[in-house]
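Notes follow the structure.
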Amino acid sequence: MKNGIRRAAFCALSVLSYPVFASGVAFEDLARHLQYSEVKISPDGHHIAAATVVKDKPLLALFDLDTMKGGMVTPREGNQIVNFWWASDNRVVYTEGTKVSGWDRPFSTGEIFAVDADGTNPKLLFGYRAGGDVRGGSHIQHAESERASAQVIATVQDDPKHILIAVTPWETGAEGAFEDIYLLDVNDGSKRPLGKAPLRNARFVTDNHGNVRFAEGYDSHAYPAVYYREGDGKPWTLLFQGSTEKSVPLPIDFSRDDSKVYMTCAAPGKVAALCLWDIATQKLGEPVWSSATTEMTRLIYTLDGMDVVGAYSDPDAPTAEAFVPGSDTMKAMGLLSRSMPGESVRFVSHSRDGSKAIALAYSSMDPGTFYLWDNTTGQAKALLQRASWIKPNQMAAMQPIEFKARDGLTIHGYLSMPPGKEEAKHLPLVMFIHGGPFGIRDYWEYDPTVQALATHGYAVLQVNYRGSGGYGDGFMAAGYREWGGKMQDDVTDATQWAIKQGITTQGHVCIFGGSYGGYAALEGVMKEPDLYRCAIGYVGVYDLPLMLTQGDGSENTSARSFWRSRLGNDEQALSAASPVNQVDRLKASVLLIAGGKDVRVPPIHAQHMRAALDKRSIAYEWLYKADEGHGFYDEKNNAELLQRVTQFLDRNIGTGGSVAAGSP
Numbered sequence: 055m056k057n058g059i060r061r062a063a064f065c066a067l068s069v070l071s072y073p074v075f076a077s078g079v080a081f082e083d084l085a086r087h088l089q090y091s092e093v094k095i096s097p098d099g100h101h102i103a104a105a106t107v108v109k110d111k112p113l114l115a116l117f118d119l120d121t122m123k124g125g126m127v128t129p130r131e132g133n134q135i136v137n138f139w140w141a142s143d144n145r146v147v148y149t150e151g152t153k154v155s156g157w158d159r160p161f162s163t164g165e166i167f168a169v170d171a172d173g174t175n176p177k178l179l180f181g182y183r184a185g186g187d188v189r190g191g192s193h194i195q196h197a198e199s200e201r202a203s204a205q206v207i208a209t210v211q212d213d214p215k216h217i218l219i220a221v222t223p224w225e226t227g228a229e230g231a232f233e234d235i236y237l238l239d240v241n242d243g244s245k246r247p248l249g250k251a252p253l254r255n256a257r258f259v260t261d262n263h264g265n266v267r268f269a270e271g272y273d274s275h276a277y278p279a280v281y282y283r284e285g286d287g288k289p290w291t292l293l294f295q296g297s298t299e300k301s302v303p304l305p306i307d308f309s310r311d312d313s314k315v316y317m318t319c320a321a322p323g324k325v326a327a328l329c330l331w332d333i334a335t336q337k338l339g340e341p342v343w344s345s346a347t348t349e350m351t352r353l354i355y356t357l358d359g360m361d362v363v364g365a366y367s368d369p370d371a372p373t374a375e376a377f378v379p380g381s382d383t384m385k386a387m388g389l390l391s392r393s394m395p396g397e398s399v400r401f402v403s404h405s406r407d408g409s410k411a412i413a414l415a416y417s418s419m420d421p422g423t424f425y426l427w428d429n430t431t432g433q434a435k436a437l438l439q440r441a442s443w444i445k446p447n448q449m450a451a452m453q454p455i456e457f458k459a460r461d462g463l464t465i466h467g468y469l470s471m472p473p474g475k476e477e478a479k480h481l482p483l484v485m486f487i488h489g490g491p492f493g494i495r496d497y498w499e500y501d502p503t504v505q506a507l508a509t510h511g512y513a514v515l516q517v518n519y520r521g522s523g524g525y526g527d528g529f530m531a532a533g534y535r536e537w538g539g540k541m542q543d544d545v546t547d548a549t550q551w552a553i554k555q556g557i558t559t560q561g562h563v564c565i566f567g568g569s570y571g572g573y574a575a576l577e578g579v580m581k582e583p584d585l586y587r588c589a590i591g592y593v594g595v596y597d598l599p600l601m602l603t604q605g606d607g608s609e610n611t612s613a614r615s616f617w618r619s620r621l622g623n624d625e626q627a628l629s630a631a632s633p634v635n636q637v638d639r640l641k642a643s644v645l646l647i648a649g650g651k652d653v654r655v656p657p658i659h660a661q662h663m664r665a666a667l668d669k670r671s672i673a674y675e676w677l678y679k680a681d682e683g684h685g686f687y688d689e690k691n692n693a694e695l696l697q698r699v700t701q702f703l704d705r706n707i708g709t710g711g712s713v714a715a716g717s718p
């Protein structure tokens, strides 16, 4: 992060809203990509940059905040903006992504570009095409073509001409490489080496003067490790080493004077805590923040981005807690929150002096709006809506829930009822199971799939089963080697909880999920054949032994170690817990959804599941897109997916109709 509402009649990039159908929200609207996914303000507070989409083209929009004039940066054909940073008051650095076979989101090309704040002087700074022409023939001096990929580590506060990058050569083999760290010139692409990472695929933390001080990641045994060095050119030393069952303190950011580092830490009776690590003594102090329920999601800074004053967490809805009272950030957040009841507010970007900042206000019904906060006047004006065609008052509200699993473990989740039916009983229910499974969780936020189901008449229950992230290391570790076991029991217990609460009735429940959630959906109807009427498996895992031999990372030692520790390595037990081998227990209707270019969970899983059903002459429905990967990306394909899913639900647990938003 270092580096009264008045609506602005400003948006030159507005798009027409699609109509909302009386029988529910249009699938085409829900399937659209966000119009503005991210907004950042320049260090001097005079410009903003925004990742946007205009007429289906992904662009980087640049505006002068005084005149509201600016330019557009168009990525190479077929690419889109992945991320961007203000390197200086007048220079933006950005990366592009392209749709790569097997991935559900654009995959970074590994190239780094830069452009001036008015959209002029574009340069390709790093990549295999550097050293040639880009956008109209501007030649890049000093930049050289390299068969390597780069990622931006950080901008450098005291040096507007450079950024820090990590470079990975292409020819590294399945194990990956130890990245090289460079200082990259944002004007001509020249670079200076600063050393090599001590771990493959490391994450780096820099101090306030642009020195790379920490590297953290996983070793070849999939054990977490943290390395430290005193500065550029100094040797790396192993600071913390964990294991499968033991986590390590993770560095997050430095204090203003670089004398201390904020790190995650352990505290008695708490699932998560934040401590200060002293550079001089190399010891952790007492926690400055802790929680008995959930982990921290991000730090809260002063508006100049230099001092840490609090922490965000998500026990139910997003929560901001200050451990430094009276900060400008907390005062501003309080003013904004009071003016927008029901919205969660957080600052996402700030000027160097803290006089201006970008805030994002959002909710489970609202994708969000970016606001420009003026700290001098104490006023904010709306800048850009993330999805202007979505009408929050027509969406379903997400309500936090919790219950006790059969072994007494507290499980959290979210219930979304059809709009206007919040108090209704005995509705058809969709158990919507998140993927991962480890370290991933559902949040209180706008989810287009949840909204597609709820606005078309279905109650939707999401559950953060054991193994999910966000609730502490112990909660996540409780899911290790529990595929088809206690993790599945948590989903069953959540379904039974909903029935006991009168939300639904047995025989009117369908289970739906993607990736691991697809596994849980099919395993659920095999393990509890009388509980669910139907199952929808979306890019799901159905043949567990294949996870160890095929798919993302199966040729990598660290990835194989990771999956054996989390999934198990008893092939007989894994086969027994695989849906493809339990079809004789199936009573429910099934819809299988797969992408032909999925590399994370290859389509062979869906093909094996399909073959097992065909062998027993069991009818099922099938949606297959040859050009999609691990999760559909194309808007038309996603709209079709939502339509097919709701039609399938209507035939199995619904009435064939849907609930109009706001109807009684």
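Each number in the working numbering corresponds to the 1-based position in the sequence shown with 54 added. C-beta atoms are modelled at their ideal positions from N, C-alpha and C, and glycine is treated no differently. From a predicted model like this one, the values you see are computed outputs, not experimental measurements.
{"Check": "The beta strand (DSSP E) with W343 in it runs from where to where?", "Outcome": "337–345"}
{"Check": "Which residue from D688, C564, E299, S142 puts its Cα closest to that of I707?", "Outcome": "C564"}
{"Check": "In chain order, what residues of the same chain have a beta carbon less than 8 Å from the beta carbon of T373, not counting five sequence neighbours either side?", "Outcome": "Y366, S367"}
{"Check": "Using only alpha-carbon positions, find the residue among R705, N241, T152, Y596 that is nearest to I647.", "Outcome": "Y596"}
{"Check": "W551 lies in the alpha helix (DSSP H); which residues open and close that run?", "Outcome": "540–554"}
{"Check": "Whose C-beta lies closer than 6 Å to the C-beta of V302 among residues of the same chain, with five residues either side of it excluded?", "Outcome": "P278, V280, F294, G296"}
{"Check": "Thinking C-alpha only, which one of Y316, W343, S632 is nearest G323?", "Outcome": "W343"}
{"Check": "State buried or exposed for D120, treating a residue as buried only when at least 16 other CB atoms are found within 10 Å of its CB.", "Outcome": "exposed"}
{"Check": "Please confirm if the segment 416–433 is in contact with the segment 315–332, defined as three or more CB-CB distances below 8 Å between the two stretches.", "Outcome": "no"}
{"Check": "Residues bridged to L238 by DSSP?", "Outcome": "I217, K245"}
{"Check": "Comparing C-alpha positions only, which one of G561, H100, K109, G99 sits nearest to R86?", "Outcome": "K109"}
{"Check": "Mark R535 as exposed unless 16 or more other C-beta atoms lie within 10 angstroms of its C-beta, in which case mark it buried.", "Outcome": "buried"}
{"Check": "Counting only the same chain and skipping the five closest in sequence on each side, list residues whose C-beta sits under 7 Å from that of R639.", "Outcome": "M580, P583"}
{"Check": "Here's a check: name, in chain order, each residue in its chain whose Cβ is nearer than 6 Å to the Cβ of H196, leaving out the five neighbours to either side.", "Outcome": "Because the pLDDT at H196 is just 49, under 50, the model does not fix this residue reliably, and the value given afterwards should be weighed accordingly. Taken in chain order, the residues that qualify are D242, G243, S244."}
{"Check": "CA-CA distance, S398 and S381?", "Outcome": "18 Å"}
{"Check": "Rounded to whole angstroms, what's the CA-CA distance from K212 to Q542? Just pull it up for me.", "Outcome": "Correcting the residue identity first, residue 212 is Asp in this sequence and not Lys. So the alpha carbons of these two residues sit roughly 51 Å apart."}
{"Check": "Is it buried or exposed, V188, if we count other Cβ atoms within 10 angstroms and call 16 or more buried?", "Outcome": "Note that V188 scores a pLDDT of 43, beneath 50, so its modelled location is shaky and nothing firm can be said."}
{"Check": "Assuming V210 and G264 make a contact with CB atoms under 8 Å, what is their CB distance in whole Å?", "Outcome": "4 Å"}
{"Check": "Going along the chain, which residues of its own chain have a beta-carbon closer than 6 Å to the beta-carbon of S470, five neighbours each way excluded?", "Outcome": "A450, M452, V504, A508, V514"}
{"Check": "Are the segment 522–541 and the segment 471–486 touching, with three or more C-beta to C-beta distances below 8 Å?", "Outcome": "no"}
{"Check": "Below 8 Å between beta carbons: does that hold for E694 and L645?", "Outcome": "no"}
{"Check": "Within a Cβ cutoff of 6 Å, which residues of the same chain sit near L721, ignoring the five residues on either side of it in sequence?", "Outcome": "Coverage of the chain is limited to positions 55 through 718, which leaves residue 721 absent and any answer about it impossible."}
{"Check": "Kindly indicate the opening and closing residues of the beta strand (DSSP E) around I412.", "Outcome": "410–416"}
{"Check": "How big is the Cα-Cα spacing for G364 and L353?", "Outcome": "6 Å"}
{"Check": "A459 to A532, Cα distance in whole Å?", "Outcome": "13 Å"}
{"Check": "Is the number of C-beta pairs between the segment 487–496 and the segment 520–529 that are closer than 8 Å three or more?", "Outcome": "yes"}
{"Check": "Between I455 and the rest of its own chain, which residues show a CB-CB distance below 7 Å, the 5 nearest in sequence each way excluded?", "Outcome": "G467, Y468, L469"}
{"Check": "For the beta strand (DSSP E) that K314 lies in, which residues bound it at each end?", "Outcome": "314–319"}
{"Check": "Determine the contact status of L248 and V259, defining contact as a CB-CB distance below 8 Å.", "Outcome": "no"}
{"Check": "DSSP has K111 in a bridge; who is on the other side?", "Outcome": "V108"}
{"Check": "Can you check DSSP and say which residues form a bridge with D332?", "Outcome": "K314, K337"}
{"Check": "Do the segment 200–209 and the segment 98–117 touch if we need at least three Cβ pairs shorter than 8 Å?", "Outcome": "no"}
{"Check": "Go to A376, then tell me how far its beta strand (DSSP E) extends in each direction, as first and last residue.", "Outcome": "373–376"}
{"Check": "Within this structure, are the beta carbons of G78 and V127 separated by less than 8 Å?", "Outcome": "no"}
{"Check": "Please tell me whether D461 and R406 are closer than 8 Å, where the distance is taken between their beta carbons.", "Outcome": "no"}
{"Check": "Taking 8 Å as the threshold (C-beta atoms), are E270 and R254 in contact?", "Outcome": "no"}
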